[in-house]
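J.: Chains as they are written, first to last, in my numbering: chain A, 1060 to 1455; chain B, 1060 to 1455; chain C, 1060 to 1455; chain D, 1060 to 1455. The C-beta atom is built at its ideal place from N, Cα and C for all residues, glycine as well. Computed from a predicted structure; not experimentally measured.
Number of protein chains: 4
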Amino acid sequence: MSELFWPGEHRAGALFSDQALVVAMARVEFAWLQALQASGVAADVGLDWSVQISADDIAADAEAGGNPVIPFVTTLRDRLPEHTAQWLHRGLTSQDVLDSALMLCVRDVLDRALDEMRRQVAALRALADAHRDTVQAGRTLTQHAVPVTFGLTAANWLTGVLDAADDLDAVRGSLPIQAGGAAGTLAAVTALAGGAATATQVVATFAAELDLVATAPWHTNRRPMTRIGDALAAGIDACGRIANDVLVRSRPEIGELAEATPGGSSTMPQKQNPVLSVLVKRAALSAPFLAAQLHAAAAAAVDERPDGAWHAEWAPLRTLGRLAVVAASQTADLLAGLVVRTDRMAATAAAATDGLLAEQRKITGSSGELKEYLGVTDALIDAALVRADAFLAKDE
Amino acid sequence: MSELFWPGEHRAGALFSDQALVVAMARVEFAWLQALQASGVAADVGLDWSVQISADDIAADAEAGGNPVIPFVTTLRDRLPEHTAQWLHRGLTSQDVLDSALMLCVRDVLDRALDEMRRQVAALRALADAHRDTVQAGRTLTQHAVPVTFGLTAANWLTGVLDAADDLDAVRGSLPIQAGGAAGTLAAVTALAGGAATATQVVATFAAELDLVATAPWHTNRRPMTRIGDALAAGIDACGRIANDVLVRSRPEIGELAEATPGGSSTMPQKQNPVLSVLVKRAALSAPFLAAQLHAAAAAAVDERPDGAWHAEWAPLRTLGRLAVVAASQTADLLAGLVVRTDRMAATAAAATDGLLAEQRKITGSSGELKEYLGVTDALIDAALVRADAFLAKDE
Amino acid sequence: MSELFWPGEHRAGALFSDQALVVAMARVEFAWLQALQASGVAADVGLDWSVQISADDIAADAEAGGNPVIPFVTTLRDRLPEHTAQWLHRGLTSQDVLDSALMLCVRDVLDRALDEMRRQVAALRALADAHRDTVQAGRTLTQHAVPVTFGLTAANWLTGVLDAADDLDAVRGSLPIQAGGAAGTLAAVTALAGGAATATQVVATFAAELDLVATAPWHTNRRPMTRIGDALAAGIDACGRIANDVLVRSRPEIGELAEATPGGSSTMPQKQNPVLSVLVKRAALSAPFLAAQLHAAAAAAVDERPDGAWHAEWAPLRTLGRLAVVAASQTADLLAGLVVRTDRMAATAAAATDGLLAEQRKITGSSGELKEYLGVTDALIDAALVRADAFLAKDE
Amino acid sequence: MSELFWPGEHRAGALFSDQALVVAMARVEFAWLQALQASGVAADVGLDWSVQISADDIAADAEAGGNPVIPFVTTLRDRLPEHTAQWLHRGLTSQDVLDSALMLCVRDVLDRALDEMRRQVAALRALADAHRDTVQAGRTLTQHAVPVTFGLTAANWLTGVLDAADDLDAVRGSLPIQAGGAAGTLAAVTALAGGAATATQVVATFAAELDLVATAPWHTNRRPMTRIGDALAAGIDACGRIANDVLVRSRPEIGELAEATPGGSSTMPQKQNPVLSVLVKRAALSAPFLAAQLHAAAAAAVDERPDGAWHAEWAPLRTLGRLAVVAASQTADLLAGLVVRTDRMAATAAAATDGLLAEQRKITGSSGELKEYLGVTDALIDAALVRADAFLAKDE
């Protein structure tokens, strides 16, 4: 976490911070205690939620056992009353607590990312509609192609964002608990509960307490983790594509777009750098490598719980999650303030008319005005707006 | 494509070969012709499917335009009768043809991969059921943990395969056509058709002919491509995890598993190498990087059609697709012939009983037999078998 | 290998083809026979170099042992006279033959890549010198900065190419043999030779025959492999950066550069796409992932010879090697024919003079002509030319 | 930076922390001031090194300009006396300051990593020598091969570490300054200095002050950056390979190695997990993706200074640098305390004698004792020890 090495990183706030993880681990342990009690496995555990643990209390001891759960449980147990402490973590293993806690952190990330994407969708909806008839030069392989409208560009950006948001939303709805015990058999809680039926009930209550999906233990089936990474990366891809277009079109020779609050230079007074786009592009260059680390970890799983592959997931998951939030937020700001220079669009398109209509002449034998060779542009914009409205209505 | 640099690569046969791509491109162009005719845009195009083009005819000319569609269309046009040739490719752009053709190739890959996964599921179902009570040492972070059964190991492998198969199946059902024309507006076909309504009908017929999903042009919205890559990589991850376990457990000091037909050495006569597992692990080490290339390309999209990012997708998509088929096939063979040495499992577990039941003693104060500390193992196996049966029944 | 999925791939010719690997394996086995004979370990082995093996002869059997060496040796042995056959491969293991053969293939790749880079250097040298005084707008973060010259742009491209070439040249000079026998002890040849001293001599002769560097066995020390990958990727990075600049500056709104033979479109007659740049950018997007696979393989090495990590190197090494050659060749063509539009450069710079000299006014209080605010540009160009001349002189 | 998501991360201390970067930026700015003064460009700048800036002072403002240098310079200027402030940063651009400061941070990382590698080398030297005659089963593709000694294993690990250390040392000796001004022409300092000769002298003094190498501006020639990443990744690869071997050989069924201070479990009292190896393996799974990000950034460079590719380097460079230090430190501890169970090695080898000598029988017709079939093992160990001694002597 660093705003110097990663400008704008403060936008992710405390998401996935060390302290956020500690709080999430506490929620997981307490949910388990409640489930033990609700199922009659434990007598009144006298749960006291007021106990506080800070990341600093346990950080130094995380290395000894290879994960932060061991010192967390030890420290928490010391601070709980005896009748609670004796039931703490009984039946769980470190990976149960950490994976479940990571899912809680991921959920917060997804909620925030989806909020930012709603801002993007609202801004893009407005741009697509407002510039439905703003003709500009279509560009393919860097060269002028046929005419399009800036409304269509915005609609295409919008579709990309909506595709990504759909996937993030689906992932959010399927985040699983982890509960398997030492080697994925739930042996300890079954022994404590006196049978598999009650143990299964404990797990179901645990999942309900955390509002996560109850599933079979996935200690070495890491698809839940790669699904998260794939969807986060796709969200950043969608932002990156928008940034690329803004970067090209805010070049002074093109000048069709500009950021509302461009950045300055340490030496050149005239500079108006498209800084948000630059920072979003930075994220887009990084995300594929972070998501791929999760696949590499999944592919290296072994035994009942892995010897390093699990540990390799935590840092890239955190970085990718925060990156997605920051990129989504910067993109939302970028779009909300985007300066659209319709005069430049019109002038460039007009000057390029001959080339832009060459296909039309070839296909139909003649050409007319640019605005008459826009195909189904209107219908494409309409379809994107309909999707946007449905998306925005969903959470009202 | 090379069996020397990639042993077993012949298992992927002609999938995604150059010639397969040529055939797919021909199907796409012909489907478009049929759609033009069916919608009344073209008169009888007199479609003659017998024309043949080989990859060699066009390979040398692919570089000049940067993609193989341009020489393909030129060559095909020369070999068609005039009344057909004049309508060929009208209203399409290179990316429409290539993206759609790639989807056809991907579908063949997915069908074959899913077939291989059905073989895996059948073999794993049998192993999980047969070894439901075969107690073995659970292992976490390389060390003995609590007892499990080999049936549970197989059930966990099975769950991983089913998760991956579900995702591949979902991708297969959503493969889109690409049809946008020069800059994604369908301007040319709209001009030919005399309006947006008929153009939209052409696109719908085109999609129906190819049995692909009709969607808005996605020239620079590359989520359809990254979804494919993500799911293929996840399929390979699931295979890799199985291979990792077989590699560890076929070490002579453990000896609980063995391949049916181990490989020899060029110099050591005694060697019994777990070759299929080695080759699957090889695939698992590579796949994350291939899928990530598709995200990097998606994130680099720009303009109405990109200046290199699109081109960067083709080779990794092909390699990843073939890799997934080969890895799935090798894993299916591996599982079908897997030698399970229950005597070694029993001996190791028995010798390790004291440690394997240490948790039980800590939790409950006493310990008994290994088979009594298996928690919900039976229920987990049952749940996996139910999913397997549903999966296998689906396509009968 | 595919010109359809990878336009321009024919430029790499037979480099690293399956047959090239077979020929290289034969060279390695024959060099070993010669070394055995020269050291007196074997009597006259009656070496007959005329025996021919095709990749097709052995491809189908490569999977059984997990690598192509086993069927290669079996097939070769069958075709050699008995007195030669009995000594074939004695003392070697598969990895010795394959790693050494890969080094021979890599050397051919490096030689070809360096040839193409010499073409680049010659073209860049000429551009840097010819456009020493061609003032253009400097651009940073997409916006106009201070004036530069196109000669400096070319000199910077040149420096990038020379840095990459230096690294490739260093790698070329340090390519090692692999000779360790079954587990890296050279036990078999030591037994045959009657002692370590003679065994060491066999290895030295073997290295000399192949003109590779004699080193300790590196079966699981894979730095030689990652060094190759890192240097090849750096070579492609240098090409990619040139392509990026050409792509931006050949946009019609900028128009300062153009390719000599731009590509057409399948539908738009006016199109002049910068196709070589597009294809080079495509390579640049892919290379980092290929080189990283070699690191992932190196990091997964285990035991005396690895269980999949070694196998994972072959395909990405081959692809990366060919990619480097193709990208270098396309970049050389791109540069040799680059169209430099000095009128556009002059016009854009003139129109932007006020901004381009804003720093000068801030720093010095006044501003004059663009050409007076070029700092040490001349000296930087001169330094690059000196390096270029030294590089070009080296192999004359 | 997080010990919870990355256990053991505290080992990297303040290396590459936000504050370390601020201090490095101050050193760079002050070195430039000194160079201006020493060359007579500025009169007495009255340098006061006591001014303090904290990362928190500038973090919030880093986003506005896209990098931390702009708020750093503004803040520093405010705190300096007027006659110093007026010369601060004159002639530099943000990238000059940040790239140079990153090189200072990298140097600290390299120094620390090399220190840890010296510890590794010392431990490995002792192991290789002490276990020169400790026969064990050689293992290839997971199966027993021919006999080796544990001394040879240690010598091979040692060679891997020395190869990596050589590369890191070479990189350390070639870390460049960055000094190009706004667009790489040094125009501002040339104007201030009244000519190119004095400007060049300023740059040389600047480099000397920082003890970095004076080079041409490399704003878009990013090989210096990728060289660092490649070498750091190679260092982690070497550690990973050691960890892989310890993980396999500390499995209870093999039991030939153990960590001195294994980790416990949150639930199983008997657990003795090889935690350091697990954490090193975790680093080895991640490093290739971090180094690859630097190549992707290098390949995306454009213009005189890039629009996101530069920004994408900072975070992965920092993470990779710290990762290398942590992994090197954990590996050094692992090796220093490694428990070598010669009894288990002997027992396993003895039981496997028949297979381990099968090659010998095939090659020579007979077999004897394991220790007689070790080839040039002694010579290989000796050669590694000689390299180790030279390496250790270098900095005494």
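(1) Mapping the DSSP letters down to three states, classify Gln1145(C) as helix, strand or coil.
(2) Which whole-angstrom value is the C-beta distance of Ala1297(B) and Gly1219(B), which I expect to be below 8 Å?
(3) Per DSSP, which one or two residues make a beta bridge with His1354(B)?
(4) Note the first and the last residue of the continuous alpha helix (DSSP H) segment covering Gly1414(D).
(5) Below 7 Å CB to CB, which residues in the same chain sit around Val1128(C) once its five sequence neighbours on both sides are set aside?
(6) Sort Leu1393(B), Leu1211(B), Gly1367(B) by Cα distance to Ala1386(C) and report the nearest one.
(7) Under a CB-based cut-off of 7 Å, is Leu1217(B) close to chain C?
(8) Using a Cβ-Cβ cut-off of less than 7 Å, give me the residues of the region 1306–1317 of chain A that come near chain C, in sequence order.
(9) Could you tell me if Ala1252(A) is buried or exposed, where buried requires 16 or more neighbouring beta carbons within 10 angstroms of its beta carbon?
(10) For Leu1306(D), I'd like the list of residues in its chain whose CB is within less than 8 Å of its CB, leaving aside the five on either flank, ordered along the chain.
(11) Got a sec? Which residues, its chain only, sit under 7 Å from Leu1439(C) by beta carbon, not counting five neighbours each side?
(12) In chain order, what residues of the region 1326–1337 of chain C put their CB closer than 8 Å to some CB of chain B?
(13) Mind checking the region 1063–1097 of chain B against chain A and listing, in chain order, the residues whose C-beta falls within less than 8 Å of any C-beta there?
(14) State yes or no: is the C-beta of Thr1244(C) within less than 7 Å of the C-beta of Gly1434(D)?
(15) Examine chain A for any beta-carbon lying closer than 7 Å to the beta-carbon of Ala1293(C), and answer yes or no.
(16) In angstroms with no decimal places, state the Cα-to-Cα distance between Thr1259(D) and Ala1090(D).
(17) When the cut-off is 7 Å and only beta carbons count, does Pro1127(A) lie next to chain D?
(18) For the candidate residues Arg1377(B), Tyr1432(B), Arg1381(B), whose alpha-carbon lies nearest to that of Val1207(B)?
(19) In terms of alpha-carbon separation, which member of Ala1410(C), Leu1227(C), Leu1269(C), Ala1121(C) lies closest to Ala1196(C)?
(20) Name the residue from Ala1342(D), Ser1098(D), Ser1388(D), Glu1418(D) whose alpha carbon lies nearest to the alpha carbon of Val1248(D).
(21) Closer than 7 Å by C-beta to Asp1120(A): which residues in its own chain qualify, once you throw out the five before and the five after it? Chain order, please.
(22) Please determine if the region 1390–1406 of chain C and the region 1285–1301 of chain A are in contact, where contact requires at least 3 C-beta pairs separated by less than 8 Å.
(23) Going along the region 1338–1352 of chain C in order, which residues come within less than 8 Å of chain D, judged by CB to CB distance?
(24) In chain C, which residues lie less than 7 Å from Ala1417(A) when you measure between Cβ atoms?
(25) Could you round the C-beta distance between Phe1348(D) and Gln1352(A) to whole angstroms and report it? I think they count as a contact, below 8 Å.
(26) Taking only beta-carbon positions, decide if Val1132(B) is within less than 7 Å of chain C.
(27) Given a limit of 8 Å on CB to CB distance, which residues of the region 1398–1411 of chain A reach chain C?
(28) Going along chain A, which residues have a C-beta under 8 Å from His1203(C)?
(29) Give the residues from the region 1170–1200 of chain C that approach chain A closer than 9 Å (Cβ to any Cβ), ordered along the chain.
(30) For Val1081(D) and Cys1164(D), what's the separation of their Cα atoms in angstroms?
(31) Taking Cβ-Cβ distances shorter than 7 Å, what residues in chain D pair up with Ala1442(C)?
(32) Counting contacts by CB-CB distance shorter than 7 Å, is Gly1323(A) in contact with chain C?
(33) Quick check: is the beta carbon of Trp1146(C) nearer than 7 Å to any beta carbon in chain B?
(34) What residues from the region 1372–1395 of chain C come within 7 Å of chain D, judged by C-beta to C-beta, listed N to C?
(35) Would you identify the three-state DSSP class for Pro1276(A), choosing helix, strand or coil?
(36) At least one CB of chain C closer than 7 Å to the CB of Arg1282(D): is that the case?
T.: So, from the data block:
(1) coil
(2) 4 Å
(3) Bridge partners of His1354(B): none, in fact.
(4) 1412–1415
(5) Met1084, Ser1153, Val1156, Leu1157
(6) Gly1367(B)
(7) no
(8) Leu1306, Ser1309, Arg1310, Pro1311, Glu1312, Ile1313
(9) buried
(10) Pro1333, Ser1336, Val1337, Lys1340
(11) Leu1211, Ala1214
(12) Thr1326, Met1327, Asn1332, Pro1333, Val1334, Ser1336, Val1337
(13) none
(14) yes
(15) no
(16) 15 Å
(17) yes
(18) Tyr1432(B)
(19) Ala1410(C)
(20) Ser1098(D)
(21) Pro1130
(22) no
(23) Ala1343, Leu1344, Ala1346, Pro1347, Phe1348, Ala1350, Ala1351, Gln1352
(24) Met1327, Pro1328, Gln1329
(25) 5 Å
(26) yes
(27) Thr1407, Ala1411
(28) Pro1311, Gln1329
(29) Ala1196, Arg1198, Thr1199, Leu1200
(30) 10 Å
(31) Ala1275
(32) no
(33) no
(34) none
(35) coil
(36) yes
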